[in-house]
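As structure tokens, the structure follows; a few thoughts come after it.
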Amino acid sequence: MMEADPHNIVLCPFAISIYTLPGEKNTTWVAYRKPQGAAAKLVEPLLSEIAGEAAR
Numbered sequence: 314m315m316e317a318d319p320h321n322i323v324l325c326p327f328a329i330s331i332y333t334l335p336g337e338k339n340t341t342w343v344a345y346r347k348p349q350g351a352a353a354k355l356v357e358p359l360l361s362e363i364a365g366e367a368a369r
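In terms of the working numbering, the sequence shown opens at residue 314 and continues consecutively.
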């Protein structure tokens, strides 16, 4: 889907959030929803790696 049209990312069931909280000016949080189903074993390590890189 993404190769056909990058705007299809909105249809992707995987999500990564990057956010800050008031009063924590030196902290940025990175979180992702653990995938479920057959693709979980393939996708979860990728999401973990992406979140780890973003946290650096």
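Each residue gets a CB set at the ideal place from its N, CA and C atoms; glycine is no exception.
### Query
Which same chain residues, not among the five before or five after E357, have their C-beta less than 8 Å away from its C-beta?
If you number the sequence shown from 1, residue 357 lands on position 44. Closer than 8 Å at Cβ, skipping near neighbours: K347 and P348.
### Message
Measuring straight from C-alpha to C-alpha, what distance separates N339 and T333?
### Response
Position 26 of the sequence shown holds residue 339. Position 20 of the sequence shown holds residue 333. If I take the Cα positions, the gap works out to 9 Å.
### Query
Hey, quick one: how far does the beta strand (DSSP E) through I331 stretch, first residue to last?
Translated into the one-based positions of the sequence shown, residue 331 becomes position 18. It spans I329 to Y332 - the beta strand (DSSP E) in which I331 sits, taken as one unbroken run.
### Query
Which of helix, strand or coil does DSSP assign to A344?
Position 31 of the sequence shown, counted from the start, is the residue given in the question as residue 344. Residue state, collapsed to three classes: strand.
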